Amino acid sequence: MPRVTMPQLGESVAEGTIGRWLKQVGDRVTKYEPIVEVITDKVNAEVPSPFEGVLSEILVEEGATVPNGAEIAVIEEAGAAQGQVPVLASPPEVTAGVAQPAAAAPAPAPEQRATQAAPRDHAVTVERGPAGADEESMTGPRNGSGPSAPVSAGAGAAPSAAPAPASTAPAGEAYRGPVTPAVRRLAREHDVDLGRVHGTGHGGRVTRDDVMAFIEARSNGATAVPAAVAAPPGAAAGPAPAPASALAPAPMFASAAPSAAWQQPAQPSTAPQLADGDELRPMTQMRKGIAAQMTRAASVPLAYLTLEVDMSGAVALRERVRREYEAREGIGLSYVAIVTKAVVEALRRNPDLNAHWTDQGLIRRARVNVGIAVAVEDGLIVPVIHDADRLSISGLNHAVVDLAARARSNRLRLDDLQGGTFTVDNTGWFGSIVSAPIVNTPEVAILTMEAIQRRPVVVDTAGGEAIAIRSMMYICSAFDHRATDGAQMGRFMQDVKAWLEAVDERTAIW
Numbered sequence: 000m001p002r003v004t005m006p007q008l009g010e011s012v013a014e015g016t017i018g019r020w021l022k023q024v025g026d027r028v029t030k031y032e033p034i035v036e037v038i039t040d041k042v043n044a045e046v047p048s049p050f051e052g053v054l055s056e057i058l059v060e061e062g063a064t065v066p067n068g069a070e071i072a073v074i075e076e077a078g079a080a081q082g083q084v085p086v087l088a089s090p091p092e093v094t095a096g097v098a099q100p101a102a103a104a105p106a107p108a109p110e111q112r113a114t115q116a117a118p119r120d121h122a123v124t125v126e127r128g129p130a131g132a133d134e135e136s137m138t139g140p141r142n143g144s145g146p147s148a149p150v151s152a153g154a155g156a157a158p159s160a161a162p163a164p165a166s167t168a169p170a171g172e173a174y175r176g177p178v179t180p181a182v183r184r185l186a187r188e189h190d191v192d193l194g195r196v197h198g199t200g201h202g203g204r205v206t207r208d209d210v211m212a213f214i215e216a217r218s219n220g221a222t223a224v225p226a227a228v229a230a231p232p233g234a235a236a237g238p239a240p241a242p243a244s245a246l247a248p249a250p251m252f253a254s255a256a257p258s259a260a261w262q263q264p265a266q267p268s269t270a271p272q273l274a275d276g277d278e279l280r281p282m283t284q285m286r287k288g289i290a291a292q293m294t295r296a297a298s299v300p301l302a303y304l305t306l307e308v309d310m311s312g313a314v315a316l317r318e319r320v321r322r323e324y325e326a327r328e329g330i331g332l333s334y335v336a337i338v339t340k341a342v343v344e345a346l347r348r349n350p351d352l353n354a355h356w357t358d359q360g361l362i363r364r365a366r367v368n369v370g371i372a373v374a375v376e377d378g379l380i381v382p383v384i385h386d387a388d389r390l391s392i393s394g395l396n397h398a399v400v401d402l403a404a405r406a407r408s409n410r411l412r413l414d415d416l417q418g419g420t421f422t423v424d425n426t427g428w429f430g431s432i433v434s435a436p437i438v439n440t441p442e443v444a445i446l447t448m449e450a451i452q453r454r455p456v457v458v459d460t461a462g463g464e465a466i467a468i469r470s471m472m473y474i475c476s477a478f479d480h481r482a483t484d485g486a487q488m489g490r491f492m493q494d495v496k497a498w499l500e501a502v503d504e505r506t507a508i509w
């Protein structure tokens, strides 16, 4: 019977979390009809069925994180060959947004089992590290997005505690908090009282890995329950029923604990100490991805270059066409588009920087796909302008405005987050004059544009040197020193600077 597998939602995404099943066992589905909501550090996407049939079995429970290619469901397809394993792929019209809490849905039946698939090798890099963006709001040091790290401790958990008294209720039944049927069944099978297991999921939810860690600690003859699985202070056998708000399903993007088949056993972890008035903000799926990408980026040997650019010509051009442009195009003209145009022209002359780094060498990318850092409400995203070198300043401007608007309204398509070869960031929108960006690996370089400031500078005139007021801006770049060197990056930065300083009122916008 055909089995549905976890799709790869992005070229640098190696796993996904089942947020919510949109169809239940026995439901009929049509081809390309959404059947499951999958959450990654980048997006929250409704993923369609690859064929028509009846959903006969759900193999992975909501809240579980599995690698790409893992079997997640079975659809009985009329006329399908036995054993066929279609790969679930999103058609172009499928859209994705920043992960948000999902609506409650019925939990899988107890007999449904999570398929334990062997992990696959993946190049785990995150294409995100964004920052802000409306007309002048493309911002932020780069960050990333890749698969999220497992949650290791719950909010407000006690660092240690004595084990709770044994419960007289059947194992797994005394606990009244939020837990999936599969976890409760696992507890019954191994005679585990869930009231003694400290949950590391969102809101203290007990996950499969919490139960497995408890079982392992018990099998090792531990005389006390480890901190990671100890009952919270004051816990008693057979706790009183929790309030309705505590029993409500937690946001699906928060637990994201991989099955034991592909995750290391949970390790004891000390919970943060909170004083009176302190508040712990649990990490969202996006923040986990950013943290993971930044941790990976920390291993990249970065070097930096900063140049000062006279933007007086660009400022004059923008002022000259501002009213005409807004009347004709319906949007304002951003300096981000002008700087991006300078970058793509410089990349034509320096193709080694339009590339990805691999352990086998540098991959020059044929297409110039520029990522634009955009800040969203709960994180950072870098949507991509594909074939940016084919666009005019106006074309780039429309692309920037469109991507920023769709990023903030959760309407980005998966393709919008894939294929970036170079990143442009605008840290200047909040007044920064010098910043140190982080390369969005596996890209080899990033450029930030800083605030444009009016200040006196020394200029050459026909009569010699003079002091004049100019609109000056710093451009800062970070580059992967494994892939390139200061001299090559310096030539690229000089090309960007020369293009920007050559802009005048005659420069073509359209």
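Residues 0 to 509 (numbering that gives the first Met the number 0) are what the sequence shown spells out, left to right.
Just so you know, even glycine gets a beta-carbon here, dropped at the ideal spot from N, CA and C.
Bear in mind the structure is a predicted one, so any value in this text is a computation, not a measurement.
(request) Leaving out five residues on either side along the sequence, give the residues of the same chain with a beta carbon under 8 Å from the beta carbon of G430. (result) A450
(request) Pull up the distance between the alpha-carbon of E14 and that of V37, whole angstroms please. (result) 10 Å
(request) Report the rounded CA-to-CA distance for T294 versus M282, giving the unit in angstroms. (result) The alpha-carbon atoms of T294 and M282 are separated by roughly 15 Å.
(request) Could you check the C-alpha separation between M310 and A302 for me, to the nearest Å? (result) 25 Å
(request) Mind checking which residues open and close the beta strand (DSSP E) that includes Y473? (result) Going by DSSP, Y473 is part of the beta strand (DSSP E) stretching over 463-479.
(request) Count the other CB atoms, across all protein chains shown, that sit within 10 Å of the CB of D415; report buried if there are 16 or more and exposed otherwise. (result) buried
(message) Just to confirm my understanding: we take E464, look at its own chain, exclude 5 residues before and 5 after, and list those with CB closer than 8 Å. What are they?
(response) V457, V458
(message) Quick check on V433: buried or exposed, where buried means 16 or more other Cβ atoms within 10 Å of its Cβ?
(response) Burial call: exposed.
(message) Our contact map puts I71 next to V59 with C-beta atoms below 8 Å; I'd like the distance itself, whole angstroms only.
(response) Indeed they touch by this definition, with Cβ atoms about 4 Å apart.
(request) Determine the direct distance from the alpha carbon of G62 to that of H520, and round the result to whole angstroms. (result) Because residue 520 is not part of the residues shown, which for the chain are 0 to 509, the question remains open.
(request) Output yes or no for whether 8 Å exceeds the beta carbon distance between I392 and A326. (result) no
(request) Identify whether T199 lies in helix, strand or coil by the three-state DSSP scheme. (result) T199 carries a coil assignment under DSSP once its states are collapsed to helix, strand and coil.
(message) How far does the beta strand (DSSP E) with H355 in it extend, from its first residue to its last?
(response) Segment 354-357, the beta strand (DSSP E) holding H355.
(request) Assign R2 to one of three DSSP states: helix, strand, or coil. (result) DSSP places R2 in the strand class (E or B) of the three-state scheme.
(message) Do L332 and N425 have their beta-carbon atoms positioned less than 8 Å apart in this structure?
(response) No, Cβ-Cβ distance for N425 and L332 is not below 8 Å.
(message) Going by the DSSP bridge assignment, what does I380 pair with across the sheet?
(response) Residue pairing by DSSP puts I380 in a beta bridge opposite V373.
(message) Looking at G370: is its Cβ nearer than 8 Å to the Cβ of T422?
(response) yes
(request) Report yes if the C-beta distance between T305 and Y473 is below 8 Å; otherwise report no. (result) yes
(request) Would you check if the segment 403-413 and the segment 352-359 touch, i.e. whether three or more CB-CB distances between them fall below 8 Å? (result) Using a Cβ-Cβ distance cut-off of 8 Å, the segment 352-359 and the segment 403-413 are not in contact, since fewer than three pairs of beta carbons, one from each stretch, lie closer than that value.
(request) Look up G329 in the DSSP assignment and say whether it is helix, strand or coil. (result) coil
(request) Could you tell me which residues DSSP puts in a beta bridge with I74? (result) Looking at the DSSP assignment, I74 forms a beta bridge with L54.
(message) What I want to know is whether the C-beta of V367 ends up closer than 7 Å to one or more non-hydrogen atoms of the ligand FAD.
(response) Inclusion of the ligand FAD in the displayed structure is not the case, the ligand content being empty and no account of it being possible.
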